[in-house]
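Residue numbers (the numbering used here): 17 to 245.
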């Protein structure tokens, strides 16, 4: 999706300009903002296909901006990649819980950033509408990108939603961690199994009483229980 519109929100001028130039060379339409305030003004004016957000902005925490986007009907499903200098597992989990679909730590290789962008845009591309399916108290409406547990809507990140759809599309099938990474993040993105484990942990937490539907297959991966209604 080379005509995609991307908003880069980064206060460090050198990094912001470097990302801008590299993405522009790939024929993306790129906008930039150096603060949360400037970003919000652009978001009000335009529609974007992907956000690149620095976690530490001068006027607002990047996590707050992620939360704000996810609470907006307009951008609740727009992919978010968080840029951060904090590489500890707890920091990454915080970012994913705030609504980010992926993260990249500073300093980073530009080719990896480009691959992450491609993967997110590819995953976010149009799909054929799907029917609504139920598993216990869990209802998955892929066409409307809505998930409900016990009649209460559950807000998932785009990555969590894609993992759930993939697992639920083949109940009873064991999915290896590497296969999930390739299917969800793309085979041109090199990350560890910890990435998928972190997304699964966040997904289970949000599914609450229905978290049992996602089974861990030790040393292999995950399986969705086969009890479709």
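The beta carbon of each residue, even a glycine, is placed where N, CA and C say it ideally should be.
Buried versus exposed call for residue i [16 or more other C-beta atoms within 10 Å across all chains shown]
{"i": "residue 71", "result": "buried"}
{"i": "residue 19", "result": "exposed"}
{"i": "residue 190", "result": "exposed"}
{"i": "residue 24", "result": "buried"}
{"i": "residue 161", "result": "exposed"}
{"i": "residue 234", "result": "exposed"}
{"i": "residue 135", "result": "buried"}
{"i": "residue 62", "result": "exposed"}
{"i": "residue 37", "result": "exposed"}
{"i": "residue 188", "result": "exposed"}
{"i": "residue 41", "result": "exposed"}
Three-state class that DSSP yields for residue i in the structure shown
{"i": "residue 49", "result": "strand"}
{"i": "residue 245", "result": "Annotation note: pLDDT 48 at residue 245 (below 50); position unreliable, coordinate value reported separately. Looking at residue 245 - three-state DSSP - the assignment turns out to be coil, as it is neither helix nor strand."}
{"i": "residue 232", "result": "strand"}
{"i": "residue 213", "result": "helix"}
{"i": "residue 227", "result": "helix"}
{"i": "residue 169", "result": "strand"}
{"i": "residue 127", "result": "helix"}
{"i": "residue 145", "result": "Since pLDDT at residue 145 reaches only 49, below the 50 mark, its modelled position is unreliable, and no value is offered."}
{"i": "residue 137", "result": "helix"}
Contact check, residue i vs residue j, beta carbons under 7 Å
{"i": "residue 95", "j": "residue 117", "result": "yes"}
{"i": "residue 30", "j": "residue 73", "result": "no"}
{"i": "residue 115", "j": "residue 165", "result": "no"}
{"i": "residue 153", "j": "residue 226", "result": "yes"}
{"i": "residue 98", "j": "residue 59", "result": "no"}
{"i": "residue 106", "j": "residue 218", "result": "no"}
{"i": "residue 32", "j": "residue 45", "result": "no"}
{"i": "residue 200", "j": "residue 179", "result": "yes"}
{"i": "residue 129", "j": "residue 120", "result": "yes"}
{"i": "residue 236", "j": "residue 171", "result": "no"}
{"i": "residue 64", "j": "residue 21", "result": "yes"}
{"i": "residue 77", "j": "residue 85", "result": "no"}
Residue closest to residue i, alpha-carbon to alpha-carbon, out of the options
{"i": "residue 139", "options": "213, 177, 168 and 217", "result": "177"}
{"i": "residue 210", "options": "47, 220, 222 and 194", "result": "194"}
{"i": "residue 229", "options": "212, 155 and 42", "result": "155"}
{"i": "residue 213", "options": "242, 135, 175 and 181", "result": "175"}
{"i": "residue 39", "options": "137, 221 and 241", "result": "137"}
{"i": "residue 103", "options": "36, 122 and 90", "result": "122"}
{"i": "residue 182", "options": "132, 198 and 82", "result": "198"}
{"i": "residue 186", "options": "150, 134, 241 and 110", "result": "241"}
{"i": "residue 157", "options": "135, 184, 67 and 134", "result": "184"}
{"i": "residue 80", "options": "239, 62 and 56", "result": "56"}
{"i": "residue 169", "options": "43, 42, 87 and 52", "result": "87"}
Where the alpha helix (DSSP H) containing residue i begins and where it ends
{"i": "residue 110", "result": "105-113"}
{"i": "residue 30", "result": "29-41"}
{"i": "residue 198", "result": "193-200"}
{"i": "residue 177", "result": "174-185"}
{"i": "residue 79", "result": "78-86"}
Run of the beta strand (DSSP E) containing residue i, from where it starts to where it stops
{"i": "residue 239", "result": "237-240"}
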